[in-house]
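Working notes for the structure below.
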Amino acid sequence: MALSSDKKPAQVETTGHVWDGDLREYNNPLPRWWLWTFYATIVFTIVYWIMYPAWPVFKTFTPGLSTLTIEQDGKMVEVPWNSRYLFIQEMQTSPSAVRQREFVEKVSNASFEQIVADPSMLAFAPSYPSLADNEWLWGGSFATISNDLHKGLKGNMPAFPTIQGAALTDLSNHVLSLSGIEVDAASASRGKASFAMCAACHGADGKGNPMLGAPNLTDMAWSNIDVVGASTVDAKRTMIEGVVSKGIQREMPGFANRLTPVEIKMLTVYVHELSGGQ
Ligand code: HEC
Numbered sequence: 006m007a008l009s010s011d012k013k014p015a016q017v018e019t020t021g022h023v024w025d026g027d028l029r030e031y032n033n034p035l036p037r038w039w040l041w042t043f044y045a046t047i048v049f050t051i052v053y054w055i056m057y058p059a060w061p062v063f064k065t066f067t068p069g070l071s072t073l074t075i076e077q078d079g080k081m082v083e084v085p086w087n088s089r090y091l092f093i094q095e096m097q098t099s100p101s102a103v104r105q106r107e108f109v110e111k112v113s114n115a116s117f118e119q120i121v122a123d124p125s126m127l128a129f130a131p132s133y134p135s136l137a138d139n140e141w142l143w144g145g146s147f148a149t150i151s152n153d154l155h156k157g158l159k160g161n162m163p164a165f166p167t168i169q170g171a172a173l174t175d176l177s178n179h180v181l182s183l184s185g186i187e188v189d190a191a192s193a194s195r196g197k198a199s200f201a202m203c204a205a206c207h208g209a210d211g212k213g214n215p216m217l218g219a220p221n222l223t224d225m226a227w228s229n230i231d232v233v234g235a236s237t238v239d240a241k242r243t244m245i246e247g248v249v250s251k252g253i254q255r256e257m258p259g260f261a262n263r264l265t266p267v268e269i270k271m272l273t274v275y276v277h278e279l280s281g282g283q
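Just remember that this note's numbering sits 5 ahead of the position in the sequence shown, which is counted from 1.
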């Protein structure tokens, strides 16, 4: 029973213990709002255990009933909710991923003439890699070039808008240091840990992965940004920061339906020879 305002303290029940002859302890009930909040947290916890990954069980854990839908091998599949799958889902449904899908659809329905005439489709790919050097994002063998010309390519570097401020500066200094550019060494070494997020595509040593079209960051060949041309280290770093914050979506359409096999073959040899080839 709550202590109502007209009740004298002496009328409230005590625990019955008496100390020092006259010290007693009131047995007031907990305030109701407090008790209900407490019960609510217990209910919340139980619901959370049931819905989300919670309890360790030997080498695994209780996955929870909550699920996410992600795309796997071209199919939409339902997977248990966890932060790893949530990350994958965000990578697939982020604004840049959605933009890329819309672009692919637009390009696949457009003729070459329409693509060239449409500034938005052209602007989507702000710069193109040089074909005359021997640096290949996707590999430069005859077989690879021919395959790329048939099927087209999609360069997709996700944006990392959550990396900001000093963390972004440190990471960008680390990236510059990979190709031997002189930067603030302390900052670059602080940035090394964040590079773990980049290593999945660019490799732990930053040497790139032609399967994903992820460029080697340790050479001096830059295909999206003119790092070599930038005159100050700050300007170079700003370019890297831009890539990390905004990501890169670049598209080359496939030509299998637009060129004959012989034309693709000749083009393959031509592109291969432009650089000396691999
Ligand atoms: C999902 C794979 C992936 C991840 C993760 C990734 N990248 Fe990339 N990155 C790419 C691809 C693919 C390209 C090339 C895109 C293109 O040009 O078509 C690229 C391009 C770049 C470039 C431009 C290189 C050039 O020559 O123009 C820089 C710089 C870069 N990434 C840095 C980073 C950093 C720093 C991180 C970590 C925060 C990171 N990347 C994470 C895939 C990835």
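Just so it is clear, CB atoms sit at the ideal spot from N, CA and C, and this is done for glycine as well.
Counting along the chain, Leu272 sits inside the alpha helix (DSSP H) bounded by residues 266–280. A Cβ-Cβ distance of about 4 angstroms is found for the pair Ser199 and Leu176, placing them in contact under the 8 angstroms criterion. Beta-bridge partners of Ile75 (DSSP): Val82. About 4 angstroms separates the Cβ atoms of Pro68 and Pro85, confirming a contact at the 8 angstroms cut-off.
Under the DSSP assignment, Leu154 falls in the alpha helix (DSSP H) whose first and last residues are 147–156. Take the alpha-carbon of Asn229 and the one of Leu181: they are about 14 angstroms apart.
Thr174 carries a helical assignment under DSSP once its states are collapsed to helix, strand and coil. Look at Ala115: its beta carbon is at least 7 angstroms from all of the heavy atoms in the ligand HEC.
With fewer than 16 neighbouring CB atoms inside 10 Å of its own CB, Thr20 falls in the exposed class. Out of Ile55, Val52, Leu183, the CA that lies nearest to the CA of Gly213 is found in Leu183.
Val233 counts as exposed, since fewer than 16 other C-beta atoms from the protein chains shown sit within 10 angstroms of its C-beta. Excluding the 5 residues flanking it on each side, Val17 has same chain C-beta neighbours closer than 8 angstroms at Leu8, Tyr31, Asn32, Asn33, in chain order. Among the bridge pairs identified by DSSP, Thr65 is matched with Val62. In the three-state reduction of the DSSP assignment, Lys159 falls in the strand class, which pools E and B.
A direct Cα-Cα distance of roughly 45 angstroms separates Thr98 from Arg37.
Taking C-beta separations shorter than 8 angstroms and ignoring five residues to either side along the sequence, the partners of Phe147 in its chain run Thr273, Val274, His277, Gly282, following chain order.
One alpha carbon belongs to Asp27, the other to Pro58, and they sit about 53 angstroms apart. Of the heavy atoms belonging to the ligand HEC, none sits nearer than 7 angstroms to the Cβ of Trp141. Gly145 is classed as buried because its beta carbon has at least 16 other beta carbons within 10 Å across all chains shown.
Relative to the non-hydrogen atoms of the ligand HEC, the Cβ of Gly259 never comes closer than 7 angstroms to any of them.
According to DSSP, Leu28 shares a beta bridge with Trp24. For Gln94, the enclosing alpha helix (DSSP H) begins and ends at 88–98. Ala261 carries a coil assignment under DSSP once its states are collapsed to helix, strand and coil.
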